[in-house]
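**Q** Structure incoming, see below.
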Amino acid sequence: MFNDLFSLKGRIALVTGGSRGIGKMIAAGFLSAGAAKVYITARKAGPCEATAKELTARYDGECIALPIDMSTVAGCELLASEFKKRESRLDILVNNAGAAWGAEFDEFPESGWDKVMNLNVKSPFFLTKALAPTLRASASAERPAKVINIASIDGIFVNPGETYSYAASKAGLIHLTRRMAVKLIPDHIVVTAIAPGPFKSDMNRAARDHADEVATRVPVGRIGTDEDRAGAAIYLASRAGDYVVGATIAIDGGIVYANPGIKGSGWDSD
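Structure (structure tokens):
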């Protein structure tokens with residue numbers, strides 16, 4: 047009964063922003079769990095193709111590069127079209143591609159707002175919409191298709207950094223996850239989200255370059271690993287996560303839900 051609970055044997059997945067960072071961790075995790083094919087996207091062809099070659103050599107399944115800029119609706123539709131040329135069904139879609147922008151409140155530019163909102167909120171919606179026919183082709187009551195949106199703990203709590211559009215976009219994506227789940231669950235498409243905390247990546251340079259310092263602010267005392275990140279995605283993508291619908295799971299070592307909060311004189315209990 048439980049032998050294949052976390053297996054992705056034979057599944058076809060698409061991971062946006064899969065050439066590096068969290069997306070690469072997830073793609074590798076899916077292949078290690080038995081996925082037959084994992085398509086990855088990135089704006090730059092070189093890194094995308096290099097990652098696909100690396101992961102294909104490492105695992106039994108195949109990693110396939112689809113280097114496309116999906117920051118516009120046209121880009122999302124192009125990606126969906128290219129995928130449909132190759133596959134008639136899609137078992138797992140991971141909306142991971144994202145952008146961040148930091149600037150002081152009085153200096154925050156419109157370009158920093160639009161770039162982040164377009165890639166972090168608009169693209170996941172329109173790509174899922176464009177790929178819905180292939181998700182429906184895969185989905186059944188016994189084995190639902192999966193859409194996993196990669197949000198952030200910055201969409202749940204207030205980060206002291208002045209990343210206004212990023213925080214707003216991730217909070218929006220978390221609620222969009224719930225709304226899409228309502229719409230798609232009758233089609234046996236399960237929509238969920240993951241909110242990562244500190245993991246080494248080009249987007250999270252603090253965790254990448256100052257891991258020990260960042261770890262002091264994490265209740266478990268360390269930053270996240272590849273296994274932490276991939277494990278959450280495998281759980282939601284596999285049979286193990288079939289009954290988790292519309293939820294956002296924080297993978298953050300306890301920052302959001304196991305943090306003592308306000309500290310200092312007058313607040314401490316001891």
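Numbering (the working numbering) for the sequence shown: 47 to 316.
We put the CB at the ideal spot given by N, CA and C, even for glycine.
Being a predicted model, the structure only gives us computed values, none of them experimental.
Taking the beta carbon of F245 as the centre, do at least 16 other beta carbons fall within 10 Å, making it buried, or is it exposed?
**A** buried
**Q** If you drop the 5 nearest sequence neighbours on each side, which residues of the same chain put their C-beta closer than 7 Å to that of P190?
**A** If we look at P190 and ignore the five residues flanking it on each side, its Cβ neighbours are H234, I235, V236 and D288.
**Q** Entirely within the stretch 222-301 and at least 4 residues each: give me those alpha helix (DSSP H) ranges in chain order.
**A** 251-255, 257-261 and 272-283
**Q** If you check the beta carbons only, do N142 and G69 fall under 8 Å apart?
**A** In contact: N142 and G69 (Cβ atoms closer than 8 Å).
**Q** With a 10 Å radius around its C-beta and 16 neighbouring C-beta atoms as the bar for buried, classify T174 as buried or exposed.
**A** buried
**Q** Quick check on R57 - is its C-beta less than 8 Å from some C-beta in chain B?
**A** In summary, chain B is missing from the structure at hand, where a single protein chain is found.
**Q** Identify the continuous beta strand (DSSP E) that holds V84 and give its terminal residues.
**A** It spans K83 to A88 - the beta strand (DSSP E) in which V84 sits, taken as one unbroken run.
**Q** Hey, how far is the Cα of E108 from the Cα of F203?
**A** Taking the straight line from one Cα to the other gives about 38 Å.
**Q** Rounded to whole angstroms, what's the CA-CA distance from Y281 to T209? Just pull it up for me.
**A** 30 Å
**Q** Would you mind listing the beta strand (DSSP E) stretches within the stretch 143-212 that are 3+ residues and don't spill past its ends, in chain order?
**A** 191-196
**Q** Please state whether the Cβ-Cβ distance between P242 and N305 is less than 8 Å.
**A** no
**Q** Quickly, what does DSSP pair D108 with across the bridge? List them, please.
**A** As written in the sequence, residue 108 is Glu, which differs from the Asp given in the question. DSSP lists K83 as the beta-bridge partner residues of E108.
**Q** Rounded C-beta distance between A146 and P113? I'm assuming under 8 Å.
**A** Going by Cβ atoms, the distance from A146 to P113 rounds to 21 Å, so no, they are not a contact pair.
**Q** For the beta strand (DSSP E) holding I138, just list the boundary residues, first then last.
**A** I138 to N141
**Q** Using the rule of at least 16 other Cβ atoms within 10 Å of the residue's Cβ for burial, across every protein chain shown, is D200 buried or exposed?
**A** It counts as buried.
**Q** What's the gap between the Cα of S186 and the Cα of D160?
**A** 37 Å
**Q** Suppose you measure from the CA of T87 to the CA of T180; what does that come to, to the nearest Å?
**A** 17 Å
**Q** Provide the residue(s) that pair with P93 in DSSP beta bridges, ordered along the chain.
**A** Bridge partners of P93: none, in fact.
**Q** Whose C-beta lies closer than 7 Å to the C-beta of R275 among residues of the same chain, with five residues either side of it excluded?
**A** I68, M71, I72, P242, F245 and I297
**Q** Just to confirm before moving on: does the CB-CB distance between A126 and L77 stay below 8 Å?
**A** no
**Q** I need the boundaries of the beta strand (DSSP E) containing A126, first residue and last residue.
**A** A126 -> not in any beta strand (DSSP E); alpha helix (DSSP H) instead, spanning V119 to R132.
**Q** Assuming L77 is part of the alpha helix (DSSP H), what are its boundary residues?
**A** G67 to S78
**Q** On the three-state DSSP scale, how would you describe I114?
**A** coil
**Q** By how many angstroms is the C-alpha of A103 removed from the C-alpha of A286?
**A** 27 Å
**Q** Please report the Cβ distance between L139 and L60, rounded to the nearest whole angstrom; I am assuming they are in contact, meaning their Cβ atoms lie under 8 Å.
**A** 5 Å
**Q** State the beta-bridge partners of L60 as determined by DSSP.
**A** Y85 and L139
**Q** Do T223 and A239 have their beta-carbon atoms positioned less than 8 Å apart in this structure?
**A** yes
**Q** Who are the near neighbours of A82 in its chain, counting only those whose CB is closer than 8 Å to its CB and skipping five residues on each side?
**A** K55, G56, R57, I58, G107 and E108
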